Each structure stands twice: as C-alpha cells, then as structure tokens.
Amino acid sequence: MRTPNKVFIALALLFSASASFALDFNKDPMAGFKAAMENNGNEAPAASDPAADRAALPEWTVMVFINGKNDLANFGDSDVNEMEVVGSTAKMNVVVELGMLKKGVKRYFVTKDKNEFDLSSPVVQDLGSPDMGDWKHLVDFANWAKAAYPAKRYMLVIWNHGSGWVSTKGISYDDETRNHISTPELGLAMKAIGKVDILSMDACLMQMAEVAYEVKDFAEIILASEETVPGRGYPYHLVLKDINALAAKPTEAVAGKVVGTFNSYYSGFNAKATHSALRTAALPQLAALLDDWAAAALAYPDKAKLRAAANETACYYVDEYKDLADLMGKVSKLTADPLLTAKGDAVVAHIRGQLISANAATPAMGGGSNGVSIYVSRDGASARYKALAFSAVTRWDEFLATLPRYYPPTPPDPFDPFNPDDLIVIH
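Numbering (the numbering used here), first residue to last: 1 to 427.
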C-alpha cells in the first residue's frame, strides 16, 4: 500500500476546511492554509449560508485588461493612475492587468492614492511578458480576477486598439508577438470566461452587430463605440466614480451612466466620439429582422440604388462600417419600396426600442449614429465574413454579394494597428 505523502495530507486538510475560511489575495497568501492546519482536529465548522455569503460580496468587480504593448503604451499607466483617483472600495473591486511595451505584464489590485504620476497600487502578480494578443491569456486574466476578487456582478473591460469584426484584425494587438484577438476568438474567450454583466471594449469601432452577436450569450450589456475612441480612452476617474455611486442600481443604469459620462467628457474636447450600451438579449430578434430585410433586398431589382443608399449612410473610420439604423432609413428613402420600407422600419424600431439601452454621440459627429453599426463591403462577402456566427443566422452576407462593387475615388489609407504612425491618438 502506498502511504499518502505530506503534500496530499496538507491539501486534504486545506480543502476540508474551505467552508470556514476564504483566501484573501491582498493578505498573507498562506493565511488560509495556516487556518486550515490550526483547525485540524477541532470541531467541524458550521456550513456556510450561500445567500449570506453572496450578500457580503462587493457589488462589482471591474476587470480591466490593458494591452499597452503597442503605441498606446503611454496611455496605459496614465489610465491606471486615473483609476487610483477612486480605487477599490467596499462596493467595488478594481483589478487591472497592465502590459507595457518592453516592460512586461503585471496585475494590480487598484487602490486609491493622490499621486497623479506614479502607480502605487500593489502588484499582485508579475507575469513576465505573456502574449496579450492570445485570447487564452484574456481568459486567464478574467477567470483569475473572478476567482480572486468575487463580487455580485462583473464588468470586463478590454483596452487596446480595435477594428471591428474583421478577422485579420480585431482587438488587443500585441506588437511584441504580432498577435491579436479576432472576432471569433473573442467569442471563444467569452465562452471560456463565462457570463459577465458588462463587457466593455475601450477600443475603436467595436460596437458592431457582427461582434455583438459573437459574444451575445456571455454578457448582459455590451459597452462599445461605433466610431474610433480617442487615445485617452475612458475617463476612468469619472467612470469608476459613477460605478461606485450606482453600485447597487440595475446593470442597465450603470451602463447608461458610463455612456453619458464618456459622451460629456469628449464633448468637452470637441472630439468625434460615440458610445452605446447594447442589450444582448435583443440580438436574436435583430438577426431575425435583418434576415427578413435581407430577403427583401435580395428580391429588389435595382441593386445600384441599394449601393447608393449605403454610400450615403453615416459611416466611421473604416468607411465600410455603417450605422445600421441610418442605413435602413437611407434605403427606404432612396428606393421608396414598400416592402423594404416596412422591413427597415421594423429593424429601426427594434434598435431604438429594444437593442440599444443608451446611446450618445458628441456634437462633432454630426448625427446619424444610433448605437450599432454593420459591415457593408465594397466588394462582396469574404469567406471569413461568412464564417461569423452572424452570417450563419442571416442572409446579410448574401445581400452583400449582390451589391455592385464600389471603390471610392480616393481610397483611405490602409488601416495598420501595428504601424506606430497610425492611430496615435485613437484606440
């Protein structure tokens, strides 16, 4: 017979006592182990009350994944300094993974301080230099944060460059590894993380129907922008103040306040910026309505008018990203087709009444932004686009394939997030 070794005995004692203590990652990491050993041989602790345990948790854990391993590096530590204006509170944990170009990656439990220039929050983990463009590393961060800092609700913020659905691009660019998280990989990541209450993308161009549909089952609300995001990103000193003040309020109220604060902040700089809160529960119906609209568009004979309507629609830094509600209106106006108009009106009503719970655009945007964009390509639908979850449940990709090709007279500069000359001031 094999004799159980000391490690096995110690672990057995540790886990048998787990009902009587909880690991606190901000204190002595051996404290729980010592407590378990001291309890050995004593009376078994009473079973804990799950309802009471949950009631004692903070309302929120805000998990911020800052991939500054690129030309946004200088904004990374300044944003953590903004977070330290508020810090973690009794109602809110703030946990950050901060990666900096050639400086490695560290995890912080954010605490309040008055130093505007240096980080004083304790480093919880020093990770070396992992690949922050690997979706599995995002999973590792979020699941670690949820386990180490449990709360009643969770907000995951992904901070980096973003470029919408395009699978050759995506979000969370790591210049050191030349890797990034594509839209399908973001869906895989969120599935592995499990549901969060708010998924926020402090990154450009991410509030798209295609992106949202990929992660719809894993977040209640998606906070993101149709347009590019200024390099400073969220005003975290204001956003965290809002979350803390509204901590016990419904998730939609918290998300709506973030949208308003973001808009007020950038309106003061006369910057072009948008932000919206999207209800993921409304995405299946959006897909069904768009599928109906696409069927009508496929049957409509004058495809040149559909292309002309798309060209007149409010668009963003990537001009193939069109505001969805504005597109529906432009098509109805230009074609005057009763069926397209009825189907388009249904889409718009759903966007404004159900899908988007809060939406704002700065005055510099000039109107036309209704909270969610969609891809209208210049030349058909690629195999990568057809592979998206959104394409599997709608005929939008088939509609794109019928549009006449279109190339603007002066093509825009190539979008290259890895080029330090590009997007210096936007996420």
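All residues carry an ideal CB built from backbone N, CA and C; glycine is no exception. Just so we're clear, the structure is a prediction, and the values are computed from it rather than from any experiment.
Remark: fewer than three beta-carbon pairs, one from each stretch, lie closer than 8 angstroms, so the region 389 to 403 and the region 359 to 366 are not flagged as touching. Checking the DSSP bridge columns, you'll see glutamine 207 has no partner listed. Between the alpha carbons of serine 357 and aspartate 379 lies a distance of about 33 angstroms. The region 206 to 213 makes contact with the region 155 to 164; the number of CB pairs closer than 8 angstroms reaches 3 or more. Per the DSSP secondary-structure output, phenylalanine 65 pairs in a beta bridge with Glu97, Ile158. For alanine 247, the CB contacts under 7 angstroms within the same chain, skipping 5 residues up- and downstream, are Glu59, Trp60, Lys91, Met92 in chain order. In terms of Cα proximity to serine 264, the closest of Asn359, Trp293, Leu340 is Asn359.
The secondary-structure analysis by DSSP pairs valine 105 across a beta bridge with Gly99, Gly128. Boundaries of the alpha helix (DSSP H) harbouring threonine 183: 183 to 193, taken from the DSSP string.
Cβ-Cβ distances below 7 angstroms link glycine 233 to Phe75, Asp79, Trp159, Asp202, His427 in the same chain, with the five nearest sequence neighbours on each side left out; the list follows chain order. By DSSP's assignment, alanine 360 forms a beta bridge with His275. Contact check for isoleucine 181 against leucine 138 passes: the beta carbons are separated by less than 9 angstroms. Secondary structure note for aspartate 174: it is in no alpha helix (DSSP H), and the uninterrupted beta strand (DSSP E) holding it is 171 to 174. Judged by DSSP in its simplified three-state form, alanine 224 adopts strand. In the three-state scheme derived from DSSP, where H, G and I count as helix and E and B as strand, asparagine 179 is classed as strand.
With fewer than 16 other CB atoms across the displayed protein chains lying within 10 angstroms of its CB, aspartate 126 is exposed.
Here phenylalanine 399 is buried. Its C-beta has 16 or more other C-beta atoms within 10 Å. When the alpha-carbon of phenylalanine 109 is set against those of Asn115, Glu97, Lys102, the nearest one is in Glu97. Closest in alpha carbon position to glycine 231, among Leu101, Val196, Ile351, Lys272, is Lys272. In the DSSP assignment, isoleucine 374 is bridged to Lys322.
Taking 8 angstroms as the upper bound for CB-CB distance, leucine 324 and valine 372 are in contact here, some 5 angstroms apart. The alpha helix (DSSP H) runs lying completely inside the region 248 to 308 and spanning 4 residues or more are 251 to 267, 283 to 299, given in chain order. Distance from the Cα of lysine 191 is smallest, within the candidate group Ile198, Ala219, Asn179, for Ala219. Here valine 86 is near valine 94, since their CB atoms are less than 9 angstroms apart. The alpha-carbon of alanine 401 is positioned some 50 angstroms away from that of serine 88. Under the 10 Å beta carbon count, tyrosine 407 is surrounded by fewer than 16 other beta carbons and is classified as exposed.
Nearest in C-alpha terms to leucine 188, of all of Phe269, Thr111, Val215, is Val215. Residue range 196 to 202 is occupied by the beta strand (DSSP E) that includes aspartate 197, with no alpha helix (DSSP H) assigned at that position.
Of all alpha-carbon atoms in Gly256, Gly344, Phe262, Lys330, the one lying nearest the alpha-carbon of tryptophan 293 is that of Gly344. The bridge partners DSSP lists for valine 239 come to none. At a Cβ-Cβ threshold of 9 angstroms, serine 129 and glutamate 185 do not count as neighbours.
A buried status is given to valine 254, since no fewer than 16 other beta-carbon atoms sit within 10 Å of its beta-carbon. Assignment of arginine 232 by DSSP, reduced to helix, strand and coil, places it in the coil class. Under a 10 Å Cβ-count criterion, asparagine 179 is classified as buried, with 16 or more other Cβ atoms of the shown protein chains found around its own Cβ. Looking from the CA of lysine 333, the closest CA among Tyr317, Lys322, Glu312 belongs to Glu312.
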